[in-house]
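2 protein chains.
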Amino acid sequence: MHKKWVSVFIPDSFLSETTDFKIKTSKIGVIGRALAVFNVNQVIVYKELSNNSDTVIERNRRDSDFMVEILDFMNTPQYLRKRAFPIKSELKHVGILPPLRTPHHPTEIAEVGDYRQGFTVKRTKKGTFVDIGMEDLAFCKEQLSVNKIFSFKVIKLAKEVIVTPDEPDDVYWGYKTLSTHKSLKNSLKLVNPDLVIETTRYADTINSIFNELESKIKATENIAILFGGPYSSLDENLESSHWDSVKVNIVPSQGTETVRTEEAVISTLAIFNILVNFD
Amino acid sequence: MHKKWVSVFIPDSFLSETTDFKIKTSKIGVIGRALAVFNVNQVIVYKELSNNSDTVIERNRRDSDFMVEILDFMNTPQYLRKRAFPIKSELKHVGILPPLRTPHHPTEIAEVGDYRQGFTVKRTKKGTFVDIGMEDLAFCKEQLSVNKIFSFKVIKLAKEVIVTPDEPDDVYWGYKTLSTHKSLKNSLKLVNPDLVIETTRYADTINSIFNELESKIKATENIAILFGGPYSSLDENLESSHWDSVKVNIVPSQGTETVRTEEAVISTLAIFNILVNFD
Numbered sequence: 055m056h057k058k059w060v061s062v063f064i065p066d067s068f069l070s071e072t073t074d075f076k077i078k079t080s081k082i083g084v085i086g087r088a089l090a091v092f093n094v095n096q097v098i099v100y101k102e103l104s105n106n107s108d109t110v111i112e113r114n115r116r117d118s119d120f121m122v123e124i125l126d127f128m129n130t131p132q133y134l135r136k137r138a139f140p141i142k143s144e145l146k147h148v149g150i151l152p153p154l155r156t157p158h159h160p161t162e163i164a165e166v167g168d169y170r171q172g173f174t175v176k177r178t179k180k181g182t183f184v185d186i187g188m189e190d191l192a193f194c195k196e197q198l199s200v201n202k203i204f205s206f207k208v209i210k211l212a213k214e215v216i217v218t219p220d221e222p223d224d225v226y227w228g229y230k231t232l233s234t235h236k237s238l239k240n241s242l243k244l245v246n247p248d249l250v251i252e253t254t255r256y257a258d259t260i261n262s263i264f265n266e267l268e269s270k271i272k273a274t275e276n277i278a279i280l281f282g283g284p285y286s287s288l289d290e291n292l293e294s295s296h297w298d299s300v301k302v303n304i305v306p307s308q309g310t311e312t313v314r315t316e317e318a319v320i321s322t323l324a325i326f327n328i329l330v331n332f333d
Numbered sequence: 055m056h057k058k059w060v061s062v063f064i065p066d067s068f069l070s071e072t073t074d075f076k077i078k079t080s081k082i083g084v085i086g087r088a089l090a091v092f093n094v095n096q097v098i099v100y101k102e103l104s105n106n107s108d109t110v111i112e113r114n115r116r117d118s119d120f121m122v123e124i125l126d127f128m129n130t131p132q133y134l135r136k137r138a139f140p141i142k143s144e145l146k147h148v149g150i151l152p153p154l155r156t157p158h159h160p161t162e163i164a165e166v167g168d169y170r171q172g173f174t175v176k177r178t179k180k181g182t183f184v185d186i187g188m189e190d191l192a193f194c195k196e197q198l199s200v201n202k203i204f205s206f207k208v209i210k211l212a213k214e215v216i217v218t219p220d221e222p223d224d225v226y227w228g229y230k231t232l233s234t235h236k237s238l239k240n241s242l243k244l245v246n247p248d249l250v251i252e253t254t255r256y257a258d259t260i261n262s263i264f265n266e267l268e269s270k271i272k273a274t275e276n277i278a279i280l281f282g283g284p285y286s287s288l289d290e291n292l293e294s295s296h297w298d299s300v301k302v303n304i305v306p307s308q309g310t311e312t313v314r315t316e317e318a319v320i321s322t323l324a325i326f327n328i329l330v331n332f333d
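Going down the list, the protein sequences come from chains B and P. Okay, so the first sequence: first residue is 55 according to my numbering, each after it adds one. Okay, so the second sequence: first residue is 55 according to my numbering, each after it adds one.
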């Protein structure tokens, strides 16, 4: 696994082409899978600034929260979904979401030394009872906030299962999500990247700056990759003294008039996966 | 537009994870879009060889023809779809397919010198009447087979519109399709490529052979890119004296246990789009 921190920025207008929640759910599924396939650490849904009516702004706002909820659902191991996501109408179509099949969604029985995501069920003076998907709750000697998901390491497997908060650093452990309801620039400030990549067809082609990008990526730790929405390219001015910024057209000679956001996300991450993995 | 001839090979098991024709249609839509975004010239659906029961073989055979029909539908300009595709139950869900928005699906009124796809409606001794999406049929002085789609150039726009068979060579003009019902190797023989790219995670990473691939692609004209299905990697022996062959893992350090065929198709085409566009 590469050692960079990669964040992906998606506009809150991403779902605006359809009102069908089954289709919306399925489009989010494509993004969730792409994040996991390419080891993305974080996804941020930002507010697209344009001359939108109040109705559109409000709908995008709801879509933004919906996206993050579905992405969180996908990122949650199967065995914790019932606890973490009470039944509600927004989650009606989650059955069509493809599984991530990542290391943090294990299908085997836990052994000592394994890492597991767990849901904090109950706190006592001595510590916290945690659901890590075993028949009985595990116990953690630290007092943690309840009704939350944390990562744990299995320390002891006996009558009582003992776990401690911990996370592996050599395998992909899922993504974090954030719905900011802020402009792209203000959302970027929350992440504070070293390198900002703006994907747009109105830029130099990836071919013409391939080696330049490779060096820039090698020299940075925290990379933000930005995508526009179905009706507008990226057009905020994102210059800042806090980060280096590069605009790139990742589909030279595109055969179609437009590249859909989900197509751009997979294509761009496939290419950046090469760039972050060069020695 | 690049000057290579690129063919993509998809197994007939591509749709086998679902029996829902709406989902099948939507999965094919992803492939059709990817072909057009990345200027792919041809898509071939081959027969996956594995220890399948007769029932599975028969279902895959039907899925193979269904894929090609939907891909043909997507590739047909809107104005010819009613003529070219009589209503039938298999086409029930075509409403969810995303438009290609390619140059061969024009939205403007034809002018002299424009290229148009046309449907041959009626042949006489003097030539053929062709629907090119204008109010009246156009006339072509050649005698062509009827009920077929060909490409034409608009020669004269007067009371009568005159067209002649022709195709532009400087813009992407859609893809051809073929459902072979043959093994991958026998399907490859129909295309006879110079260079065969097998995508599989059990191969050298794209990073380790990037420059080698770039040179090989530069030296060839006819490239075949092969994908496996949801339940099996590529495992036929495809060595041949007729073509050079390279195996490559296009997703180094994948975060998920598997990469879905449609994810692999977009990712691979995004990367090969760079490789074919290097000077």
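C-beta: ideal position from N, C-alpha, C; glycine also. From a predicted model like this one, the values you see are computed outputs, not experimental measurements.
So, under 8 Å CB-CB, F63 (chain B) and F281 (chain B) are touching, yes? Tell me the CB distance rounded to an integer number of Å. Sequence index remark: in the first sequence, residue 63 (chain B) carries index 9 (1-based). Sequence index remark: in the first sequence, residue 281 (chain B) carries index 227 (1-based). With a Cβ gap of about 6 Å, F63 (chain B) and F281 (chain B) count as contacting.
According to DSSP, K146 (chain P) sits in a beta bridge with which residue or residues? To locate residue 146 (chain P), count along the second sequence from 1; it is residue 92. Partner(s): none; K146 (chain P) has no beta bridge.
Looking at S229 (chain P): is its Cβ nearer than 9 Å to the Cβ of L125 (chain P)? Within the second sequence, residue 229 (chain P) is the residue found at index 175, counting from 1. Within the second sequence, residue 125 (chain P) is the residue found at index 71, counting from 1. The amino acid at residue 229 (chain P) is misidentified as Ser; the sequence shows Tyr. Their beta carbons are under 9 Å apart, which means Y229 (chain P) touches L125 (chain P) by this criterion.
Go through the region 59-88 of chain B residue by residue and report every complete run of the beta strand (DSSP E) that reaches 3 residues or more, in order. If we require 3 residues or more, the beta strand (DSSP E) runs fully inside the region 59-88 of chain B come out as 59-65.
Chain-ordered chain P contacts of Y226 (chain B) [CB-CB under 7 Å]: Here residue 226 (chain B) refers to the residue found at position 172 of the first sequence. The contact set of Y226 (chain B) on chain P, defined by CB atoms closer than 7 Å, consists of G309 in chain order.
D66 (chain B) to K142 (chain P) span [Cα, whole Å]: Numbered from its first residue, the first sequence carries residue 66 (chain B) at position 12. Numbered from its first residue, the second sequence carries residue 142 (chain P) at position 88. Straight-line Cα distance between these residues: approximately 38 Å.
Taking one C-beta from the region 202-216 of chain P and one from the region 233-247 of chain P each time, how about it: are there three or more such pairs within less than 8 Å? Two segments are said to touch when three or more pairs of C-beta atoms, one from each, lie closer than 8 Å; by this definition the region 202-216 of chain P does not touch the region 233-247 of chain P.
For R87 (chain P), which residues in chain B fall below 8 Å Cβ to Cβ? Counted from its first residue, the second sequence places residue 87 (chain P) at position 33. Ordered by position in chain B, the residues that pass the 8 Å Cβ test against R87 (chain P) are T310, R314, E317.
Please report how far the alpha carbon of S233 (chain P) lies from the alpha carbon of Y169 (chain P), in whole angstroms. Here residue 233 (chain P) refers to the residue found at position 179 of the second sequence. Here residue 169 (chain P) refers to the residue found at position 115 of the second sequence. Their Cα atoms are separated by approximately 27 Å.
With a threshold of 9 Å between beta-carbons, can A164 (chain B) be considered close to chain P, or not? Counting from one through the first sequence, the residue named residue 164 (chain B) turns up at place 110. Closer than 9 Å to the CB of A164 (chain B) there is not a single CB belonging to chain P.
Taking the alpha carbon of T274 (chain P) as the reference point, which residue from P:I251, P:K202, P:T231 has its own alpha carbon closest? In the second sequence, counting from the first residue as 1, residue 274 (chain P) sits at position 220. Minimum Cα distance to T274 (chain P) is reached at P:I251.
Tell me the DSSP secondary structure of V133 (chain P) in three-state form. On the second sequence, residue 133 (chain P) is found 79 positions in, with the first residue counted as 1. Position check: residue 133 (chain P) holds Tyr in this sequence, whereas Val was assumed. Helix at Y133 (chain P).
Going by C-alpha to C-alpha distance, which of P:V245, P:D258, P:F120 sits closest to T79 (chain P)? Along the second sequence, one-based indexing puts residue 79 (chain P) at 25. In this structure, P:F120 is the residue among P:V245, P:D258, P:F120 with its C-alpha nearest to the C-alpha of T79 (chain P).
Report the rounded CA-to-CA distance for N265 (chain B) versus T218 (chain P), giving the unit in angstroms. Working through the first sequence from its first residue, we reach residue 265 (chain B) at position 211. Working through the second sequence from its first residue, we reach residue 218 (chain P) at position 164. C-alpha separation (whole angstroms): 46 Å.
State the DSSP-derived secondary structure class of D185 (chain P), mapped to helix, strand or coil. Taking the first residue of the second sequence as 1, we reach residue 185 (chain P) at position 131. DSSP, reduced to helix, strand and coil, places D185 (chain P) within a strand of the structure shown.
C-alpha distance - K43 (chain B) paired with P157 (chain B), whole-angstrom precision: Missing from the structure shown is residue 43 (chain B); chain B here goes from 55 to 333 and no further.
Under 7 Å (Cβ pairs) to chain B, residues found in the region 216-247 of chain P: Cβ contacts with chain B come from Y226.
First and last residue of the alpha helix (DSSP H) that includes E290 (chain B)? For the purposes of this step, residue 290 (chain B) is identified with residue 236 of the first sequence, where counting begins at 1. Careful: E290 (chain B) lies outside any alpha helix (DSSP H) and carries neither H nor E.
Quick one: does L323 (chain B) have its CB under 9 Å from some CB of chain P? Reading the first sequence from its first residue, position 269 is the one you call residue 323 (chain B). So yes, L323 (chain B) belongs to the interface.
From G172 (chain P) to I203 (chain P), what does the alpha carbon distance come to, in whole angstroms? Here the question's residue 172 (chain P) lines up with position 118 in the second sequence. Here the question's residue 203 (chain P) lines up with position 149 in the second sequence. Straight-line Cα distance between these residues: approximately 5 Å.
Just to confirm, is the Cβ distance from L200 (chain P) to D185 (chain P) under 9 Å? Here the question's residue 200 (chain P) lines up with position 146 in the second sequence. Here the question's residue 185 (chain P) lines up with position 131 in the second sequence. The identity of residue 200 (chain P) in the sequence shown is Val, whereas the question assumes Leu. V200 (chain P) is not a Cβ neighbour of D185 (chain P), given a cutoff of 9 Å.
Quick one, which residues of the region 278-290 of chain P are near chain B if we go by CB-CB under 7 Å, in chain order? The residues in question: there are none.
Give me the subset of the region 170-193 of chain B whose CB atoms are less than 7 Å from a CB atom of chain P, sorted by chain position. Taken residue by residue, none of the region 170-193 of chain B has a beta-carbon sitting less than 7 Å from a beta-carbon on chain P.
For A192 (chain B), which three-state DSSP category applies? Residue mapping note: residue 192 (chain B) aligns to position 138 of the first sequence, counting from 1. In the structure shown, A192 (chain B) sits in a strand (DSSP, three-state: E or B).
I need the boundaries of the beta strand (DSSP E) containing L249 (chain P), first residue and last residue. For the purposes of this step, residue 249 (chain P) is taken as the residue at position 195 of the second sequence. From DSSP, the beta strand (DSSP E) with L249 (chain P) extends over 249-253.
List, in order along the chain, the chain P residues whose C-beta lies closer than 7 Å to that of L154 (chain B)? Locating residue 154 (chain B) in the first sequence gives position 100, where the first residue counts as 1. Those are T310, listed as they occur along chain P.
Work out the CA separation of E189 (chain P) and N93 (chain B) for me, nearest whole Å. The residue you call residue 93 (chain B) lines up with position 39 of the first sequence. The residue you call residue 189 (chain P) lines up with position 135 of the second sequence. In this model, N93 (chain B) and E189 (chain P) are separated by some 53 Å (Cα to Cα).
How is the beta strand (DSSP E) around S334 (chain B) delimited, first residue to last? The requested residue 334 (chain B) is not part of the displayed model; chain B covers only 55 to 333.
In whole angstroms, give me the CA-to-CA distance for I277 (chain B) and T182 (chain B). In the first sequence, the residue the question calls residue 277 (chain B) occupies position 223. In the first sequence, the residue the question calls residue 182 (chain B) occupies position 128. Looking at the two C-alpha atoms, the distance is approximately 36 Å.
Does the Cβ of I328 (chain B) have 16 or more other Cβ atoms within 10 Å, making it buried, or fewer, making it exposed? For this step, residue 328 (chain B) is matched to residue 274 along the first sequence. Buried, since its Cβ has 16 or more Cβ neighbours within 10 Å.
So for F326 (chain P), helix, strand or coil by DSSP? The sequence position of residue 326 (chain P) within the second sequence is 272, counting from 1. Of the three classes helix, strand and coil, the one that applies to F326 (chain P) here is helix, per DSSP.
Which partner residues does G172 (chain P) have in the DSSP bridge list? The count along the second sequence starts at 1 and reaches residue 172 (chain P) at position 118. Looking at the DSSP assignment, G172 (chain P) forms a beta bridge with P:F204.
Do the CB positions of H159 (chain B) and Q197 (chain B) come within less than 9 Å of each other? In the first sequence, the residue the question calls residue 159 (chain B) occupies position 105. In the first sequence, the residue the question calls residue 197 (chain B) occupies position 143. The answer is no: Cβ separation not under 9 Å.
For the candidate residues P:S61, P:I82, P:A90, P:T73, whose alpha-carbon lies nearest to that of P306 (chain B)? In the first sequence, counting from the first residue as 1, residue 306 (chain B) sits at position 252. With distances taken between Cα atoms, P306 (chain B) lies closest to P:A90.
Short of 6 Å in beta carbon distance, which residues of its chain neighbour L323 (chain B), apart from the five on each side in sequence? Order them along the chain. Here residue 323 (chain B) refers to the residue found at position 269 of the first sequence. If you ignore the 5 residues before and after L323 (chain B), its C-beta comes within less than 6 Å of the C-beta of A88, F92, all in its own chain and listed in chain order.
When the distance is taken between beta carbons, is E316 (chain P) closer than 9 Å to K58 (chain P)? Taking the second sequence and counting its residues from 1, the one referred to as residue 58 (chain P) is at position 4. Taking the second sequence and counting its residues from 1, the one referred to as residue 316 (chain P) is at position 262. Not a contact, by the Cβ cut-off of 9 Å.
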